[in-house]
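Chemist: My questions all concern the structure below.
There are 2 protein chains.
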Amino acid sequence: MSVDTSGAAQGAALRSDRTVLGNGLTVVGEHNPFAATVAAGYFVRTGARDETAEIAGVSHFLEHMMFKGTDRRTAADINRSFDELGAQYNAFTSEERTVYYGAVLPERLSELLDLLSDMMRPALRQEDFDVEKNVILEEIAMYEDRPHFRVFEVAGRRFWNGHPLGHSVLGGQDSIRALTREQMLTYFGRRYAPSNLILAVAGAYDWEAVTEEVASLTGAWEPFDAGRALARPDPAQGTGETEDSKLERVHTAVFAPGYAADDERRYAAAILGSVLGDDSGSRLFWSLVDKGLADSASLGHEASDGAGAFVGYVSSAPERATEVLDIYRRVLVQAQDDTLDAEEWRRAQRKLATGLTLRAETPLGRLVSLGVGYQSLGRYQSVQDVVDAVMRSSLEGGRALLADRPFDRLYLHTLGPANVPS
Amino acid sequence: MSVDTSGAAQGAALRSDRTVLGNGLTVVGEHNPFAATVAAGYFVRTGARDETAEIAGVSHFLEHMMFKGTDRRTAADINRSFDELGAQYNAFTSEERTVYYGAVLPERLSELLDLLSDMMRPALRQEDFDVEKNVILEEIAMYEDRPHFRVFEVAGRRFWNGHPLGHSVLGGQDSIRALTREQMLTYFGRRYAPSNLILAVAGAYDWEAVTEEVASLTGAWEPFDAGRALARPDPAQGTGETEDSKLERVHTAVFAPGYAADDERRYAAAILGSVLGDDSGSRLFWSLVDKGLADSASLGHEASDGAGAFVGYVSSAPERATEVLDIYRRVLVQAQDDTLDAEEWRRAQRKLATGLTLRAETPLGRLVSLGVGYQSLGRYQSVQDVVDAVMRSSLEGGRALLADRPFDRLYLHTLGPANVPS
């Protein structure tokens, strides 16, 4: 009962590297001499949870602006440079963090590091800010036709009950309209401290060359402190409802209290989430989707900085919503009264372990877990370390989580046409 | 100006394998001794285009039923077997084909082949058929809240103008409700001929063991003929409109005539699609998304069996829809009058080539292009072969496509609230 990720032909474990530069920037690497590519990315420990209501959405708006030019490059230069590198690249913003990354052939790594590092010190020009504000407003408007997204916005806010993990990543039309370039500059100056960033590199690279280049590229970055308040969550329970007569289906987001990203119980919570709510075979799947009662019914565990939650989703026809929500709730509550089965626990462990292994097969796939892992724990975890932790996580640990009865404290929020029971 | 996919550390090209069994089943492989996993999948040359209106949606419904059991296995057995193998697995149905695949650690390949091969001879039990019909109806209903999907359903049907490439993969509520198990059996017996299937394997494997095992597993499969009519398309042009007052945004699907999967011009068409409509930097992106006029504006080329099309999408606020569609159309039409720029052509070539390389980095990522490539061309193409073809595709070839003026023959279909101009 072990999953070996080392790869028959690859043999030994991969080497991990770490250097902290004088300005406080941490550079971490996982060296894979067999990789055909290399991926690199900046992981910034800032997101919606680090915003006030007045500047809601600034992290995500800023992420867009980072592509709009620096003192050395215009927006078109940045776009052209990525293309000329033949890079796959992207960026994303969450409640927790903002990440900028790309993957290239190994001989182009130096140019990729130059481009990404330059982007981390953006020009934030007023004219670009004004144009990009419309792009952000368009993106917010686009989600109005996506009920799955909308129900999580409102449910998360209600469940987190004032805790910053309930903040909206996109912000609102109003906060974005009112946002000024000066507010963004202030936020940038407060959050993008070198010590609040990690540069991660995965794949084929020369560590000495990487660290020398990054030290030179970021040498002028001024160090300062950028902390994060870790408020204790006081999550809501119960139900909520948003009526929208324009919808055809009832969309329900489900939350329950969970575990933080540095809590050892997060592994058992992830396995438990998979036993109950994996979307290709789980108690919820067999009770609702396989029976044709709901088009989707799932649950997982999300471990964040200082807090965590079980997060689920279910969607059905309005006329079946009462029955479907009853079954959804009953499956979770009954799991607390039944006993967890050793066999289903083992299958979920293996499913998670294989998923981890397959996602880590490419430098780009590996990069995000490498960077997020470092940011959450402050240390390196190999894929094998995580797989071992999952496979070691005992059935008794899962039963202990259920004994805390997290699913007696569910928050369910429904979005759908009128008279939806909840 | 070349992109080397062989991988610094991997050196030589990967070996390709091919065996045609006595029953007509073709087994193909791409052997990668450095891979930590192996992927395998059945590619069935059947999909929505091989259906009549009476049985619309049967290919996709059948894909679901293939997971519901065989003479040797129940549905629960199949699900449990995949989990116990630690497999990542899935299936999909398109107009063109139905594909069933999984990825495992190399020592589990034999069990994966046994499971997938057994699934290809399903029991199709009446009680499973009745329950799964509700699952399919739920899946169809789910798309009612997804306007992006809905607009492509209607636009594709109109553009293809009676050609089977315009058939709906899901089918309709009515055709699914009326479908009988006997009709599905007839369809299965007509389409799942061994000669109409390809089994593809990518990653770390022993070819002799694979072919021996598959020959034994599929030895009882009866050969018969399963062709496909390749009607000549007569695509529509102009505009169409579907009003839905419940929507917040105007969603527009765009089609124009393109090239078949075995037409050499497909490479130039893909590059041209990227120049005009790549979603991270292209003429449409800079004219519409970057300016904050549309939340999305893209174009690509889809090469199918015997026919192809440029396919695009644009979405905006209702009050800006006229302006946005004018600009969208003008960008395409003007490309036919302007000259294509050598620099933008080269960038799009490189972008496509890198994307191909990165997607092929894992056995599971490689599997689909390996199987689809074999099915389209009847021969092996390495990733390097495709990359070379893209990089060799000349600017003059792109200009020749534009000289045919495909964008004078656009079909645009809008889905949105009332009074949307088109």
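Residue numbers (our numbering), protein chains in the order written: chain A, 22 to 443; chain B, 22 to 443. For every residue, glycine included, the Cβ atom is placed at its ideal position computed from N, Cα and C.
If the cut is a Cβ gap below 9 Å, which residues of chain B does ARG286 (chain A) touch?
Modeler: Counted from its first residue, the first sequence places residue 286 (chain A) at position 265. Correct list: empty, because the minimum Cβ distance to chain B is about 23 Å.
Chemist: Name the chain B residues whose beta carbon is nearer than 7 Å to that of SER196 (chain A)?
Modeler: Against the first sequence, residue 196 (chain A) aligns to sequence position 175. Going along chain B, no residue has its Cβ under 7 Å from SER196 (chain A), so there is no contact; the nearest lies around 17 Å.
Chemist: Between the alpha carbons of ARG202 (chain B) and LEU145 (chain B), how many angstroms are there, rounded?
Modeler: Residue 202 (chain B) sits at position 181 when you count from the first residue of the second sequence. Residue 145 (chain B) sits at position 124 when you count from the first residue of the second sequence. Spanning the two alpha carbons is a distance of roughly 8 Å.
Chemist: For ALA30 (chain A), name the three-state secondary structure that DSSP assigns.
Modeler: Stepping through the first sequence from its first residue, residue 30 (chain A) is reached at position 9. Per-residue confidence for ALA30 (chain A) stands at a pLDDT of 35, beneath the threshold of 50, marking its modelled position as unreliable; no derived number is given.
Chemist: Inspect the beta-carbon positions of ALA374 (chain B) and VAL408 (chain B) and report whether they are closer than 7 Å.
Modeler: In the second sequence, counting from the first residue as 1, residue 374 (chain B) sits at position 353. In the second sequence, counting from the first residue as 1, residue 408 (chain B) sits at position 387. For ALA374 (chain B) and VAL408 (chain B), yes; Cβs fall inside 7 Å.
Chemist: For the stretch 164 to 183 of chain B against the stretch 263 to 273 of chain A, are there 3 or more C-beta pairs whose distance is under 8 Å?
Modeler: Taking 8 Å as the limit for Cβ pairs, the verdict is that the stretch 263 to 273 of chain A does touch the stretch 164 to 183 of chain B.
Chemist: Does the Cβ-Cβ distance between ASN182 (chain A) and ASP255 (chain A) come in under 7 Å?
Modeler: Here residue 182 (chain A) corresponds to residue number 161 of the first sequence, with the count starting at 1. Here residue 255 (chain A) corresponds to residue number 234 of the first sequence, with the count starting at 1. Result yes, Cβ atoms of ASN182 (chain A) and ASP255 (chain A) sit closer than 7 Å.
Chemist: At 4 residues or longer, and completely inside the stretch 326 to 390 of chain B: list those alpha helix (DSSP H) runs for me, N to C.
Modeler: Whole alpha helix (DSSP H) segments, 4+ residues: 342 to 358 and 363 to 380.
Chemist: Kindly give me the distance between the Cβ atoms of ASP326 (chain B) and SER397 (chain B), rounded to whole angstroms, as I take these residues to be in contact under 8 Å.
Modeler: Start at 1 with the first residue of the second sequence, and residue 326 (chain B) comes out as number 305. Start at 1 with the first residue of the second sequence, and residue 397 (chain B) comes out as number 376. The pair is a contact, with the Cβ atoms about 7 Å apart (cut-off 8 Å).
Chemist: What are the boundary residues of the beta strand (DSSP E) that PHE64 (chain B) is part of?
Modeler: For the purposes of this step, residue 64 (chain B) is identified with residue 43 of the second sequence, where counting begins at 1. Start and end: 59 to 65.
Chemist: Does the Cβ-Cβ distance between LEU385 (chain B) and ALA96 (chain B) come in under 7 Å?
Modeler: Numbered from its first residue, the second sequence carries residue 385 (chain B) at position 364. Numbered from its first residue, the second sequence carries residue 96 (chain B) at position 75. Not a contact, by the Cβ cut-off of 7 Å.
Chemist: Can you tell which of A:SER189, A:LYS89 and A:ASP358 has its C-alpha closest to the C-alpha of PHE173 (chain A)?
Modeler: Numbered from its first residue, the first sequence carries residue 173 (chain A) at position 152. The residue with the shortest Cα to Cα distance from PHE173 (chain A) is A:SER189.
Chemist: For the putative contact between ILE76 (chain A) and LEU220 (chain A), defined by C-beta atoms under 8 Å, what is the C-beta separation to the nearest angstrom?
Modeler: Reading the first sequence from its first residue, position 55 is the one you call residue 76 (chain A). Reading the first sequence from its first residue, position 199 is the one you call residue 220 (chain A). Not a contact, Cβ separation roughly 26 Å.
Chemist: Taking 7 Å as the threshold (beta carbon to beta carbon), is PRO168 (chain A) in contact with chain B?
Modeler: In the first sequence, the residue the question calls residue 168 (chain A) occupies position 147. Cβ-Cβ to chain B under 7 Å: yes for PRO168 (chain A).
Chemist: Does any residue of chain A bring its CB to less than 7 Å from the CB of GLU84 (chain B)?
Modeler: Looking up residue 84 (chain B) in the second sequence gives position 63. Closer than 7 Å: no.
Chemist: Whose Cβ in chain B lies nearer than 9 Å to the Cβ of LYS270 (chain A)?
Modeler: Start at 1 with the first residue of the first sequence, and residue 270 (chain A) comes out as number 249. Before going further, note that residue 270 (chain A) is Arg rather than Lys in the sequence given. Per Cβ cutoff of 9 Å: ALA162, MET163, GLU165 and ASP166.
Chemist: Just verifying my parser: in three-state terms, what is the DSSP assignment at VAL175 (chain B)?
Modeler: Indexing the second sequence from 1 puts residue 175 (chain B) at position 154. Looking at VAL175 (chain B) - three-state DSSP - the assignment turns out to be helix.
Chemist: Quick one: list the residues of chain B neighbouring ARG387 (chain A), beta-carbon separation under 9 Å, in chain order.
Modeler: The count along the first sequence starts at 1 and reaches residue 387 (chain A) at position 366. Residues of chain B passing the Cβ test: none, with the nearest at roughly 11 Å.
Chemist: What residues from the stretch 363 to 387 of chain B come within 7 Å of chain A, judged by C-beta to C-beta, listed N to C?
Modeler: Listed in sequence order: ARG368, ARG371, LYS372, ALA374, THR375, GLY376, LEU379, GLU382, THR383 and LEU385.
Chemist: Return the chain-ordered list of same chain residues with a C-beta closer than 6 Å to the C-beta of THR47 (chain B), the five sequence neighbours on each side being excluded.
Modeler: As a first step, residue 47 (chain B) is located in the second sequence; it is residue number 26 there, counting from the start. Excluding positions up to five away in sequence, the list reads VAL41 and ILE219.
Chemist: What's the gap between the Cα of GLY45 (chain A) and the Cα of PHE245 (chain A)?
Modeler: The residue labelled residue 45 (chain A) in the question sits at position 24 within the first sequence. The residue labelled residue 245 (chain A) in the question sits at position 224 within the first sequence. For GLY45 (chain A) and PHE245 (chain A), the distance between alpha carbons rounds to 9 Å.
Chemist: Against VAL49 (chain A), what residues of chain B qualify as contacts under a CB-to-CB distance less than 9 Å, listed in chain order?
Modeler: As a position in the first sequence, residue 49 (chain A) is number 28, starting the count at 1. Per Cβ cutoff of 9 Å: no residues; VAL49 (chain A) is ~21 Å from chain B at best.
Chemist: Kindly give me the distance between the Cβ atoms of ALA342 (chain B) and GLY437 (chain B), rounded to whole angstroms, as I take these residues to be in contact under 8 Å.
Modeler: Along the second sequence, read from residue 1 onward, the residue named residue 342 (chain B) stands at position 321. Along the second sequence, read from residue 1 onward, the residue named residue 437 (chain B) stands at position 416. Sure, about 7 Å apart at Cβ, within 8 Å.
Chemist: For a quick check, are the C-beta atoms of SER414 (chain A) and ALA289 (chain A) less than 7 Å apart?
Modeler: On the first sequence, position 393 is the one that residue 414 (chain A) refers to. On the first sequence, position 268 is the one that residue 289 (chain A) refers to. It is a contact, given that the beta carbons lie within the stated cut-off.
Chemist: Round the Cβ separation of ALA315 (chain A) and GLU323 (chain A) to the nearest angstrom and send it over; I've been treating them as touching at under 8 Å.
Modeler: Locating residue 315 (chain A) in the first sequence gives position 294, where the first residue counts as 1. Locating residue 323 (chain A) in the first sequence gives position 302, where the first residue counts as 1. Not confirmed; about 21 Å, so no contact.
Chemist: DSSP state of HIS184 (chain A), grouped into three classes?
Modeler: For this step, residue 184 (chain A) is matched to residue 163 along the first sequence. Coil, per DSSP.
Chemist: Nearest by alpha-carbon distance to ALA281 (chain A): which of A:THR232, A:PRO339, A:GLY394 and A:THR207 is it?
Modeler: Residue numbering aside, residue 281 (chain A) sits at position 260 when the first sequence is read from its first letter. Minimum Cα distance to ALA281 (chain A) is reached at A:GLY394.
Chemist: Leaving aside the five residues before and after GLU344 (chain A) along the sequence, list all residues of the same chain whose C-beta is less than 8 Å from its C-beta, in chain order.
Modeler: Counted from its first residue, the first sequence places residue 344 (chain A) at position 323. For GLU344 (chain A), where only same-chain residues beyond five positions count, the Cβ hits under 8 Å are LEU314.
Chemist: Just the C-alpha distance for ARG178 (chain A) and LEU361 (chain A), rounded to the nearest angstrom, thanks.
Modeler: The residue given as residue 178 (chain A) occupies position 157 in the first sequence. The residue given as residue 361 (chain A) occupies position 340 in the first sequence. When rounded, the distance between both Cα atoms is 31 Å.
Chemist: What is the C-beta distance between ALA381 (chain B) and VAL404 (chain B), in whole angstroms, given that I count them as a contact (C-beta under 8 Å)?
Modeler: To locate residue 381 (chain B), count along the second sequence from 1; it is residue 360. To locate residue 404 (chain B), count along the second sequence from 1; it is residue 383. That pair is a contact at about 4 Å.
Chemist: Cβ of PHE64 (chain A) within 7 Å of Cβ of VAL125 (chain A)?
Modeler: Taking the first residue of the first sequence as 1, we reach residue 64 (chain A) at position 43. Taking the first residue of the first sequence as 1, we reach residue 125 (chain A) at position 104. Taking 7 Å as the Cβ cut-off, PHE64 (chain A) and VAL125 (chain A) do not qualify as a contacting pair.
Chemist: Would you decide whether PRO215 (chain A) is buried or exposed? Buried here means 16 or more other CB atoms lie within 10 Å of its CB.
Modeler: For this step, residue 215 (chain A) is matched to residue 194 along the first sequence. The residue is buried, with at least 16 neighbouring Cβ atoms inside 10 Å.
Chemist: I'd like the ranges of any beta strand (DSSP E) spanning at least 3 consecutive residues and lying wholly in the stretch 58 to 140 of chain A.
Modeler: 59 to 65, 109 to 114 and 119 to 125, all fully within the stretch 58 to 140 of chain A.
Chemist: Around the C-beta of GLY32 (chain B), are 16 or more other C-beta atoms found within 10 angstroms, so that it is buried, or is it exposed?
Modeler: Counted from its first residue, the second sequence places residue 32 (chain B) at position 11. With a pLDDT of 43 at GLY32 (chain B), under the threshold of 50, the predicted position of this residue should be treated as unreliable, and no value is reported.
Chemist: Taking the alpha helix (DSSP H) that GLU285 (chain A) falls in, what are its first and last residues?
Modeler: Residue numbering aside, residue 285 (chain A) sits at position 264 when the first sequence is read from its first letter. GLU285 (chain A) -> no alpha helix (DSSP H), and no H or E assigned at all.
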